[in-house]
Amino acid sequence: MATHAGPVERSATLWRAAATAGELVAALSDLAPAVAGEDVPAESTSQSYFRVREVELSDQQAALHGALVIHRGLADLCEAPLSGADLAQETAGMRLAVLDLTGTVPGAGPEPAPLAAVSEPGSGPSLESVWSARWLIGHQVHVLFNICAAVAVADATRHLRHGGADAALARLADATVYVRGFPAAMNHASTIPVDHYMAAIRQTMAPPSTDIPLSGRQHRGYKLFRAAMKDLLTVLPDSYDQLADWSPELADARGALLEADIVDAERHVTLAYSMVHLRRSIAQRPEGPDNAVAELRLMRHRRAAQYAPLIRFGDHYIADAVAGLRHS
Numbered sequence: 000m001a002t003h004a005g006p007v008e009r010s011a012t013l014w015r016a017a018a019t020a021g022e023l024v025a026a027l028s029d030l031a032p033a034v035a036g037e038d039v040p041a042e043s044t045s046q047s048y049f050r051v052r053e054v055e056l057s058d059q060q061a062a063l064h065g066a067l068v069i070h071r072g073l074a075d076l077c078e079a080p081l082s083g084a085d086l087a088q089e090t091a092g093m094r095l096a097v098l099d100l101t102g103t104v105p106g107a108g109p110e111p112a113p114l115a116a117v118s119e120p121g122s123g124p125s126l127e128s129v130w131s132a133r134w135l136i137g138h139q140v141h142v143l144f145n146i147c148a149a150v151a152v153a154d155a156t157r158h159l160r161h162g163g164a165d166a167a168l169a170r171l172a173d174a175t176v177y178v179r180g181f182p183a184a185m186n187h188a189s190t191i192p193v194d195h196y197m198a199a200i201r202q203t204m205a206p207p208s209t210d211i212p213l214s215g216r217q218h219r220g221y222k223l224f225r226a227a228m229k230d231l232l233t234v235l236p237d238s239y240d241q242l243a244d245w246s247p248e249l250a251d252a253r254g255a256l257l258e259a260d261i262v263d264a265e266r267h268v269t270l271a272y273s274m275v276h277l278r279r280s281i282a283q284r285p286e287g288p289d290n291a292v293a294e295l296r297l298m299r300h301r302r303a304a305q306y307a308p309l310i311r312f313g314d315h316y317i318a319d320a321v322a323g324l325r326h327s
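Structure follows, in structure tokens:
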């Protein structure tokens, strides 16, 4: 993936990746068609808005629906002005999701034949409709990463409980790839003009357009990931130094995951500032901080304080401040 190449080469590699994802979707669809999401009742306002549904699926169906999300995401990335660094993280998460969902071993089987260059489509939908669709597509990729990360963390925790240290290390590394993809997917969704977001999107996520104001905390995938992280830390509660004394590899693997989780919170702060500046969150409680950025910053500080003793370069200034507030 030419993530940092010039625009022509970058677009060409993305179109080829999208074409490959389309071939995977077609192959999986030949086995059984996709479930019609519109026929599955939404369990929340958030699910309805972001076109997400929750239903039991076979392995083939899970792989197909994951591939559909990735295919749409790659097709949109062909035009989205995402940074090269974020593009690298998002496509790494997409690649790993394909491997996880299809049960494929990296490097197994013959190398695929090179794809012919894929031409960009000609006239298409208006920019405004592309931007509105991108908001949903990026969020769906984010949801996919949340679910895959939750499964990877839960797998690692299960392996640790049963003495499978090597398997746990592998799944912690997988989870870290997904968590690093969280802010990349959110930035993908947000590669739209702020004026368009404020005028055409933000108002659709709050009453009277929706029953309740929408918030990322309402995503079930996000809740599953946070629960999995909490469970992991009940199995590995030791400080970084304590854990490194008997397993340096495990200390570093856990630390990489927790660092990625902190950075995700930090980048949510800066992304919110770029989109809404100092306005209040649409889902903010009346007694909360003065604006969305302040609320997100508090979330970052709480997470950093919790993780400070568990990572090599913990934010002990914040941890001490939070501890002081709790005892004041």
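With numbering that gives the first Met the number 0, the residue at position 214 of the sequence shown is 213, and numbering never jumps. Don't be surprised by glycine CBs; every beta carbon is placed ideally from N, CA and C.
- Here the segment 5 to 23 makes contact with the segment 60 to 79; the two share three or more CB pairs at distances below 8 Å.
- For Val97, the enclosing alpha helix (DSSP H) starts and ends at Gly83 to Thr101.
- Distances from the alpha-carbon of Leu159 to those of Ala132, Leu235, Ser208 and Ala31 put Leu235 closest.
- Cβ-Cβ separation between His187 and Leu100: approximately 19 Å, too far for a contact (criterion under 8 Å).
- In the three-state reduction of the DSSP assignment, Pro236 falls in the coil class, being assigned neither a helical nor a strand state.
- For Met0, no alpha helix (DSSP H) segment is defined, and its DSSP state is neither H nor E.
- Under the three-state reduction of DSSP output, Asp314 falls in the coil class, being neither helix nor strand.
- The three-state reading of DSSP puts Thr19 in helix, counting H, G and I together.
- Between Gly102 and the set Ala66, Asn290, Asp194 and Arg9, the nearest pair of CA atoms involves Ala66.
- In terms of Cα proximity to Ala174, the closest of Ala227, Arg266 and Val140 is Ala227.
- Residue nearest to Val152 within the set Trp245, Glu55 and Leu223 is Leu223 (criterion: CA-CA distance).
- Judged by their CB atoms, Ile261 and Ala303 are nearer to each other than the 8 Å cut-off.
- In this structure, the straight-line span from the alpha carbon of Asp194 to that of Leu13 is close to 27 Å.
- Inclusion of Ser28 and Gln217 in the CB contact set at 8 Å is not warranted, their separation being larger than that value.
- Comparing alpha carbon positions, the residue from Arg299, Glu53, Cys147 and Glu127 closest to Gly92 is Cys147.
- Excluding sequence positions up to five before and after Arg52, its CB lies within less than 7 Å of the CB of Gly36, Val39, Ala41 and Gln46, all in the same chain and listed in chain order.
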